[in-house]
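Numbering (this note's numbering), first residue to last: -19 to 220. Even glycine gets a Cβ: it sits at the ideal position worked out from N, Cα and C. See structure below.
Quick look at the structure:
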């Protein structure tokens, strides 16, 4: 049996390997640049801090030996207690929130409540009522307006006379062509008669201008007719 063909790597695996190779190359380039520039600058802060700590501890031991407290923590504690007992108490300017002093200062800062208003001197008895307002008077009925008069017809404008058509100018007759001299005929040649000439046609007459129609005059409205008076009622019969 033949060995199975090797499958090509997937696209995700190829991308991952490419990214890792790029990161490694950047780190390698940074190391090379740092080595070429003489290496990273030396940090001396740690050594300076250690020297300061050694000096402070040396001064503390010197003070403890001076007062006879070296190597005995109980003596240091007892001396601190004696110092606190012999210390005089003084008024502190720091106000603790919620303490008695803070409450007193808050009470002193709040203004006193305003006095209650005095009651009215004399109240009117309940029996007295306000005077009733007078009843409104009815407005007078509006008088009927007279009927408007019939409109006066506007005067009809007089019709404008139409302009008289001007006669068209007569066409100018064309000049007759001058007779051409006949060439001398040679002896023994045939003489042809002259061709007839066509007379020019007269120019067409100009069209007459169109006249605008005259608007008809509307008839005047009839005068208003008044209604006849009602007939009198017949007399009632007299029963006998």
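So the alpha helix (DSSP H) residue i belongs to, where does it begin and stop?
i           : result
residue 210 : That residue, residue 210, is in no alpha helix (DSSP H); it is neither H nor E in DSSP.
residue 54  : 53 to 66
residue 5   : -9 to 16
residue 35  : 25 to 46
residue 73  : From DSSP, residue 73 is part of no alpha helix (DSSP H); its letter is neither H nor E.
residue 84  : 80 to 89
With distances taken between CB atoms, is the gap from residue i to residue j smaller than 8 Å?
i          : j          : result
residue 56 : residue 49 : yes
residue 75 : residue 85 : yes
If you drop the 5 nearest sequence neighbours on each side, which residues of the same chain put their C-beta closer than 7 Å to that of residue i?
i           : result
residue 60  : none
residue 107 : At residue 107, the pLDDT of 49 sits below 50, so the modelled position is not reliable; the number obtained from the coordinates is stated separately. So no residue of the chain qualifies.
For residue i, which residues in the same chain have their Cβ closer than 8 Å to its Cβ, ignoring the five residues on either side in sequence?
i           : result
residue 218 : none
Label residue i either buried or exposed according to how many other C-beta atoms from any shown protein chain fall within 10 Å of its C-beta, with 16 as the threshold for buried.
i           : result
residue -19 : Note that residue -19 scores 46 on pLDDT, short of 50, meaning its location in the model is unreliable and no value can be drawn from it.
residue 87  : exposed
Is there at least one Cβ from chain C nearer than 8 Å to residue i's Cβ?
i          : result
residue 35 : Looking at the structure shown, chain C is missing, and only one protein chain is on hand.
Near residue i, which residues of its chain fall below 6 Å by C-beta distance, leaving aside the five closest residues on each side in sequence?
i          : result
residue 13 : none
residue 81 : 75
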